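Down below is the structure, laid out as structure tokens.
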Amino acid sequence: MIKIGIVDDHTLFRAGLTRLVNSFNDCQVIFQAGNGQELLNKLSEKEDVELILLDLKMPVMGGLEALEKLKPTYKDLKVLVISMHDDIPFVVQAMKKGANGYILKDIDADELNTAINKVMDLGFYVNDKLSKVLIHGLTTDEGKKKRNIKLNEALTDIEQEILELICQGLTSQEIADKIFRSRRTIEGHKQRLLDKTNTKNTPALVAWAFRHGIVE
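For our numbering, count along the sequence shown from 1 and bump the result up by 836.
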């Protein structure tokens, strides 16, 4: 059972989202909060929460500030931003501050369910539309120049293939099935990718791939 906290300042939206999430298999909302400060207070009481569905624009303390405060303390806690904003600055800032995924409030129930499971299994989720926003926001001029460098000098062919599949949102098991390797082998390559790119987790690795033009 995935234990979830929902943080949004709109009471009716929060209540409706809670009912929807509780209808999913293996999902249970264990608390609600109306802003980032309430979230931090709730987290001090609910140590078993695994995933936060987090709005960005809220009074008292918004989602971006909450991300800055909670990530250093709750390192294993997953955060899936759910927002009405698809502007580049919002998406990029949320991912840079440690969000594990970003979805919009106009998605359907199936995509929400998928996003929750991808974040829990893979540690990262954005859909195709927001991937393009993220790529645009994270790709700097320096990154574009680096695209001309032969990246395969740093990454092996199999590492680059696995990195591309990670960026498509596949889990280690799905990658293993797709390229006919064991999950343990995929996990080993993934760890080497983290070491080579000097990144600490899957969201940071995906951002690195976007920034260096590996993902088109």
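Note that beta-carbon positions come from the ideal geometry of N, C-alpha and C, so glycine has one too.
In this text the structure is predicted, and so the values were computed from the model without any measurement.
Opening and closing residue of the beta strand (DSSP E) in which residue i lies
| i | result |
| --- | --- |
| residue 873 | Counting along the chain, residue 873 falls outside any beta strand (DSSP E), though it belongs to the alpha helix (DSSP H) covering 872-879. |
| residue 940 | 937-940 |
| residue 885 | Premise fails: residue 885 is in no beta strand (DSSP E) and is neither H nor E. |
| residue 865 | 863-869 |
Of the residues the options, the one placed nearest residue i, counting alpha carbons only
| i | options | result |
| --- | --- | --- |
| residue 1025 | 1040, 999 and 1044 | 999 |
| residue 897 | 948, 861, 877 and 943 | 877 |
| residue 1056 | 949, 909 and 943 | With the chain represented from 837 up to 1052, any question about residue 1056 goes unanswered, as that position is not in the structure. |
| residue 1010 | 1044, 895, 911 and 954 | 954 |
Cα-Cα separation between residue i and residue j, rounded to whole angstroms
| i | j | result |
| --- | --- | --- |
| residue 967 | residue 941 | 16 angstroms |
| residue 884 | residue 864 | 12 angstroms |
| residue 869 | residue 1023 | 36 angstroms |
| residue 994 | residue 1012 | 12 angstroms |
| residue 980 | residue 855 | Its pLDDT being 47, under 50, residue 980 is placed unreliably in this model, and the coordinates cannot settle the point. |
| residue 1046 | residue 936 | 15 angstroms |
| residue 1002 | residue 851 | 33 angstroms |
| residue 853 | residue 861 | 15 angstroms |
| residue 845 | residue 1016 | 46 angstroms |
| residue 1039 | residue 903 | 14 angstroms |
| residue 1014 | residue 997 | 11 angstroms |
Contact set for residue i: own chain, Cβ-Cβ below 6 angstroms, skip 5 residues either direction
| i | result |
| --- | --- |
| residue 938 | 917, 927, 930, 962 and 966 |
| residue 1042 | 960 and 1003 |
| residue 1007 | 957 and 958 |
Beta-carbon proximity list for residue i, same chain, < 7 angstroms, skipping 5 on both sides
| i | result |
| --- | --- |
| residue 977 | Confidence in residue 977 is poor, its pLDDT being 44 and thus under 50, which makes the residue's placement too unreliable to answer from. |
Sequence-distant residues of its chain with Cβ nearer than 8 angstroms to residue i (five each side left out)
| i | result |
| --- | --- |
| residue 899 | 843, 872, 890, 891, 892, 893, 917, 919 and 930 |
| residue 840 | 857, 863, 864, 865, 866, 885, 886, 887, 888, 889 and 952 |
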